[in-house]
Structure formats: C-alpha cells, structure tokens
Amino acid sequence: MDITVVEISAQMVYIARKWFGMHFNDRHRIVIEDGAKFVEKEARNGRKYNAVLIDACDSLPAENVTIICPVSVFLEESFIKNTAQLMTNTGVAAFNVFSYTLTSDKVRELLTHRFSKYFDYCNTKETKVRNVIFYCMLHRPREEKQIDLMQFVQNIS
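When the sequence shown is numbered by this note's numbering, its final residue is 164 and no position is left out of the sequence of numbers.
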C-alpha cells in the first residue's frame with residue numbers, strides 16, 4: 008500500500024511522531040500542506056489515487072455552521088471536482104462528517120446532491136458515535152450495498 012498523508016499543521020506531525028510512534032518512509036509519506044491546495048495541485052498534474060480520505064474538523068465552528076466535519080473548503084464544488092479528477096475508476100473518496108443538527112439521512116441527502124455532479128454513486132456508513140462516513144465513487148458498484156470501507160481499502164492495496 009502506498010499512502011500519502013497531507014496535514015496542514017507541522018505540530019500535528021510532531022505529535023504523531025513523538026507520542027504515537029508514527030513513522031514515514033517511501034510508501035508512507037507526509038506532506039505538510041493545505042489539503043485543498045494539495046488536491047488541486049495533484050488533480051492539475053493528472054495524479055490518480057485509489058482512495059482519498061478526508062478527516063478534517065473545524066475546532067471552532069461558527070454558530071450557524073451545521074457541518075463541522077469536514078471543514079467547509081472540503082465541501083466546495085472546486086474541491087469536489089478536483090477530488091473526482093484524482094480518482095481511479097474503482098477508487099473511493101470518503102469523508103468523516105459530523106453535525107450536531109443533521110441526521111445521517113439528511114447528511115446523505117445534502118452531500119449526495121452536492122457531489123452527484125461529479126460522482127455516480129454516494130452513500131453513508133453509520134458509526135457507533137455521532138459522525139457518519141460519507142463516501143463516493145465515480146461509478147456505481149455492481150451490487151447496491153453499503154461497502155465495507157476497511158475491506159475495500161485493503162483490497163485496493
């Protein structure tokens with residue numbers, strides 16, 4: 008498996024290394040950069056990925072913000088378009104979504120509407136806590152079912 012982690016904060020990379028024993032090498036790289044800018048650059052350069060996983064939350068959301076994960080830039084049309092351009096034909100883009108006010112059905116409806124211009128198939132996977140994993144693929148899978156994301160990621164490596 009070849010993994011590129013993009014983290015905006017050098018301090019988080021320091022914490023990951025020091026306190027969680029995270030090690031990086033040729034097949035597990037860390038890029039310290041704004042994730043949206045990284046995706047834009049990679050899409051412009053024609054790079055392809057089997058999986059793009061977004062887990063970026065707003066630690067101080069404004070009062071009127073209904074979705075705090077992911078941060079709003081990752082839900083903008085330009086980011087969605089760039090993410091779709093990065094995907095291989097069988098790839099998946101997955102987003103950790105957290106909202107204090109929206110149900111998982113409402114999250115799926117809202118985000119599917121936003122992403123459907125660029126992805127043929129989107130769905131959600133409930134978690135044991137309040138967040139939801141929202142995922143999309145360029146093409147609808149052969150069987151209409153919720154995909155086991157961990158199994159999917161293991162199979163593409």
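Idealized CB from N, CA, C, for every residue including glycine.
Nonlocal neighbours in the same chain, by C-beta distance under 7 Å from residue i, ignoring five residues either side
i, result
"Val80", "Ala43, Phe86"
"Ala91", "Tyr125, Phe126, Leu145"
"Ile37", "Val12, Glu14, Val20, Phe31"
"Glu49", "Leu93"
Closest residue to residue i among the options (Cα-Cα distance)
i, options, result
"Cys76", "Gly28, Asp112, Asn138, Asn130", "Asn138"
"Thr134", "Lys48, Asn57, Asn103", "Asn103"
"Phe105", "Asn57, Ala63, Lys25, Gly98", "Ala63"
"Ser66", "Asn130, Val78, Trp26", "Val78"
"Glu47", "Trp26, Thr97, Arg149, Lys88", "Lys88"
"Asn71", "Gln18, Tyr107, Asp112, Lys132", "Tyr107"
Start and end residues, beta strand (DSSP E) containing residue i
i, result
"Arg137", "Here Arg137 belongs to no beta strand (DSSP E), and DSSP marks it neither H nor E."
"Leu178", "Outside the displayed range of the chain (8 to 164) lies residue 178, so it cannot be described from this structure."
Endpoints, alpha helix (DSSP H) assigned at residue i
i, result
"Met19", "17 to 27"
"Ile119", "The amino acid at residue 119 is misidentified as Ile; the sequence shows Thr. Where Thr119 is concerned, the enclosing alpha helix (DSSP H) stretches over 111 to 122."
Sequence-distant residues of the same chain with beta carbon closer than 6 Å to residue i, five excluded per side
i, result
"Arg34", "Asp9"
"Leu118", "Phe141"
"Cys129", "Thr119, Phe122, Cys143"
Whole-angstrom C-beta distance between residue j and residue i, which should lie under 8 Å
i, j, result
"Leu82", "Arg121", "7 Å"
"Tyr56", "Gly28", "Between Gly28 and Tyr56 the Cβ distance is about 26 Å, and since that is not below 8 Å, they are no contact."
Close-in-space but distant-in-sequence residues of the same chain around residue i (CB under 8 Å, 5 per side omitted)
i, result
"Pro68", "Ile75"
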